[in-house]
Amino acid sequence: MRRSRRLAALVALTLIAGCKVGPDYVKPDAPETAAYKEPPPDAFAGAGNWKRAQPSDRSLRAKWWEVFGDPQLNDLEEQVTAANQNLKAAEAVFEQARAMIGYARAAEFPTISTAPEIQSLRWSNNQPYFSNTHTTGNFLLPLDLTYEVDLWGRIARTVTAAGEEAQATEADLQTARLSLHAELALDYFDLRSADAQKQLLDDTVKAYTDALELTEHRADGGAAPESDVAQAQTQLDTTRVQATDIAVQRAQDEHAIAVLTGKPPAAFSLPPAPLAPRQPAIPVGLPSELLQRRPDIAAAERRMAEANEQIGIAQAAYYPSLILSPTAGFQGSSIATWFAWPSLLWAVGGTMTETLFDGGLRHAANAAALAAYNEAVANYRQTTLNAFQQVEDNLAALRILEQEAKQQEEAVASARNSLRLSTDRYVGGRDTYLLVITAQTMALTNERNATDILRRRMEASVLLVKALGGGWNESDLPPIDDLKKADDRKSQL
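Per this note's numbering, the sequence shown starts with residue 1443, numbered consecutively.
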């Protein structure tokens, strides 16, 4: 009994003396800037079709697509959340990472095993040194316990690393969710732009049909040559081709939206509706806030912390390990004596192991862990730089496209006026039909450019929202303790 107490005291002292080896994690510095180079949309809000931001619009909301005010888009985005298969795959990856926390935590507890044995043996009468005992029995019920004492924090760091990987995978899930919702919005606005282009081209075909009739009447009356009719016919046929060709892009956009919402293309369709200029002002916030609003930056930071834990795990290999392995059970020669008190057996012991020579294996593992950490730091900083670039790119696009849209409106008005004047002069016999054809082409080109600029502005708004994190915040990441509890609940089901 005294020996047992001494052994227990020694084990307790060993546990208390245990400590973590390796560096404590300190979040490295990341590239920062006091202000964006480009002015936020609020700086020029109120011009054209822009909506001035309200005091309540200081931050993006989780369902950021609702700022575009399109019920059809809202409905499609909700379908992405519920049925997109890539999103479900990302959720499954997160579940795997969370399960690995439980896998790592198993080392914090002892492993108890048993190997019952029932054996009856009859000895040969012709065996050497013959004895009177011809038959023996062995009934064994052992309980073996194995427990590694975490002297140097290797197990604790492994659990922490698994938790940080789960957090990073959760951030990856949010990045995938943001990308898929943004992809749908881009496809949707591209489809609506195709609808607007188709409507414009169909209206133009009607106008060119009227122009063709005009030239035919003038040619029948001898007021115009047949070449005018041929030119008008060519202009009409070319525009019809353009109107037909736009259906290719629309069909592809519709198919892409179907797949994003978890449907086969054959089971999905969207009625035509021209793109409407409903562009919101996007609350950009401060550059310093971007590091907390991007899930990809959060994932890079969590993997950086995980890499730091791997350094400690590698360094723990330099120190001895202690494994406790007590055994208890019953052993008898028959069922009648199997569980009798004299059949009790037990053994208490432990093993301490230390590697004396490994040919540089531990040194290489430690060097690799340090290099992996440096890689994670570089990836974190590069992800931050990429985020700043994406915000600046789309702020610049919105600013420049806003100015370009104003210029294009003036160009459209001028082209329409030129077409009107050319048509009047042709009807009056003062100009050739070639000038009408030229004016028609210029008017159609400018109107199509105006529609395309609207599409680019809508898409730049979506990309800016994506660059800003889509309303996500690093505080949304589940703490490691919560992930452990969730894993415990799942294991109990």
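Where a beta carbon is used, it is the ideal one built from N, C-alpha and C, also for glycine.
Open item on the list: Mapping the DSSP letters down to three states, classify Q1773 as helix, strand or coil.
Closed with: Taking the sequence shown and counting its residues from 1, one reaches residue 1773 at position 331. Looking at Q1773 - three-state DSSP - the assignment turns out to be strand.
- [ ] Answer yes if the region 1688 to 1707 comes into contact with the region 1508 to 1515, meaning at least three C-beta pairs across the two stretches below 8 Å, and no otherwise.
- [x] With the cut-off at 8 Å, the region 1508 to 1515 and the region 1688 to 1707 do not touch.
TODO: Taking all protein chains shown into account, decide if T1617 is buried (16 or more other Cβ within 10 angstroms of its Cβ) or exposed.
DONE: As a first step, residue 1617 must be located in the sequence shown, where it is residue number 175. Its Cβ being crowded by 16 or more others within 10 Å, T1617 is buried.
Open item on the list: At the level of alpha carbons, what is the spacing between G1544 and A1524?
Closed with: Indexing the sequence shown from 1 puts residue 1544 at position 102. Indexing the sequence shown from 1 puts residue 1524 at position 82. Rounded to the nearest angstrom, the two C-alpha atoms are 28 Å apart.
TODO: With a threshold of 16 other CB atoms inside 10 Å of the CB of M1794, please say whether the residue is buried or exposed.
DONE: In the sequence shown, counting from the first residue as 1, residue 1794 sits at position 352. Exposed.
- [ ] For Y1868, count neighbouring C-beta atoms within 10 Å of its own C-beta (all shown protein chains included) and say buried if the count is 16 or more, exposed if not.
- [x] Taking the sequence shown and counting its residues from 1, one reaches residue 1868 at position 426. Around the C-beta of Y1868, 16 or more other C-beta atoms lie within 10 Å, and the residue is accordingly described as buried.
- [ ] Determine the contact status of L1615 and E1533, defining contact as a CB-CB distance below 8 Å.
- [x] By 1-based counting over the sequence shown, the position of residue 1615 is 173. By 1-based counting over the sequence shown, the position of residue 1533 is 91. Result yes, Cβ atoms of L1615 and E1533 sit closer than 8 Å.
Task: Pair within 8 Å by beta-carbon distance, A1549 and E1590 - done: By 1-based counting over the sequence shown, the position of residue 1549 is 107. By 1-based counting over the sequence shown, the position of residue 1590 is 148. Their beta carbons are under 8 Å apart, which means A1549 touches E1590 by this criterion.
TODO: Over the uninterrupted alpha helix (DSSP H) stretch that includes A1881, give me the two end residues.
DONE: The residue given as residue 1881 occupies position 439 in the sequence shown. Following the DSSP letters along the chain, one finds A1881 inside the alpha helix (DSSP H) bounded by residues 1875 to 1909.
Task: Contacts around A1627, its chain only, beta-carbon distance under 7 Å, and the 5 residues preceding and following it disregarded - done: Your numbering for residue 1627 matches position 185 in the sequence shown. For A1627, where only same-chain residues beyond five positions count, the Cβ hits under 7 Å are W1507, L1515, V1904.
TODO: Rounded to whole angstroms, what's the CA-CA distance from L1529 to P1473? Just pull it up for me.
DONE: For the purposes of this step, residue 1529 is taken as the residue at position 87 of the sequence shown. For the purposes of this step, residue 1473 is taken as the residue at position 31 of the sequence shown. So the alpha carbons of these two residues sit roughly 31 Å apart.
Open item on the list: On the criterion of 16 or more Cβ atoms from any shown chain inside 10 Å, does S1776 qualify as buried, or is it exposed?
Closed with: Position 334 of the sequence shown, counted from the first residue, corresponds to residue 1776. With a 10 Å radius around the Cβ and a threshold of 16 neighbouring Cβ atoms, S1776 comes out exposed.
Task: Beta-carbon proximity check, A1613 vs L1861, cutoff 8 Å - done: For the purposes of this step, residue 1613 is taken as residue 171 along the sequence shown, with counting starting at 1. For the purposes of this step, residue 1861 is taken as residue 419 along the sequence shown, with counting starting at 1. When the beta-carbon positions are compared, A1613 and L1861 stay at least 8 Å from each other.
Task: Sequence-distant residues of the same chain with beta carbon closer than 7 Å to S1785, five excluded per side - done: Sequence index remark: in the sequence shown, residue 1785 carries index 343 (1-based). Cβ neighbours of S1785 within its own chain (closer than 7 Å, five residues either side excluded): F1772, Q1773, G1774, T1779.
Task: Beta carbon of I1755 nearer than 8 Å to that of R1503 - done: Translated into positions along the sequence shown, residue 1755 becomes position 313. Translated into positions along the sequence shown, residue 1503 becomes position 61. Their beta carbons are not under 8 Å apart, which means I1755 does not touch R1503 by this criterion.
- [ ] State whether the region 1630 to 1647 contacts the region 1895 to 1904, with contact taken as three or more CB pairs (one from each stretch) at a distance under 8 Å.
- [x] Flag = yes, the region 1630 to 1647 and the region 1895 to 1904 touch.
- [ ] Indicate the three-state DSSP secondary structure (helix, strand or coil) for N1750 in the structure shown.
- [x] Taking the sequence shown and counting its residues from 1, one reaches residue 1750 at position 308. Here N1750 sits in helix by DSSP.
- [ ] Just confirm the distance between the C-beta atoms of Q1639 and R1890, as a whole number of angstroms; I'd bet it's less than 8 Å.
- [x] Position 197 of the sequence shown, counted from the start, is the residue given in the question as residue 1639. Position 448 of the sequence shown, counted from the start, is the residue given in the question as residue 1890. Yes, Q1639 and R1890 are in contact; Cβ-Cβ is about 6 Å, under 8 Å.
- [ ] Measuring only between beta-carbons, confirm whether T1475 sits less than 8 Å from chain B.
- [x] Of the chains in the structure shown, none is chain B; there is only one protein chain.
TODO: Output the distance between the C-alpha atoms of Q1675 and L1877, rounded to the nearest integer angstrom.
DONE: Reading the sequence shown from its first residue, position 233 is the one you call residue 1675. Reading the sequence shown from its first residue, position 435 is the one you call residue 1877. Between Q1675 and L1877, the C-alpha separation is close to 15 Å.
- [ ] Take E1851 and list the residues in its own chain whose beta-carbon comes closer than 6 Å to its own, dropping the five residues that flank it on each side.
- [x] Looking up residue 1851 in the sequence shown gives position 409. Counting only Cβ-Cβ distances below 6 Å, and skipping sequence neighbours, we find nothing.
- [ ] Kindly indicate which three-state DSSP category Y1589 falls into: helix, strand or coil?
- [x] For the purposes of this step, residue 1589 is identified with residue 147 of the sequence shown, where counting begins at 1. Three-state result, Y1589: strand.
Open item on the list: Using 8 Å as the threshold, is the C-beta distance between L1906 and L1840 below it?
Closed with: Position 464 of the sequence shown, counted from the start, is the residue given in the question as residue 1906. Position 398 of the sequence shown, counted from the start, is the residue given in the question as residue 1840. The Cβ-Cβ distance between L1906 and L1840 falls below 8 Å.
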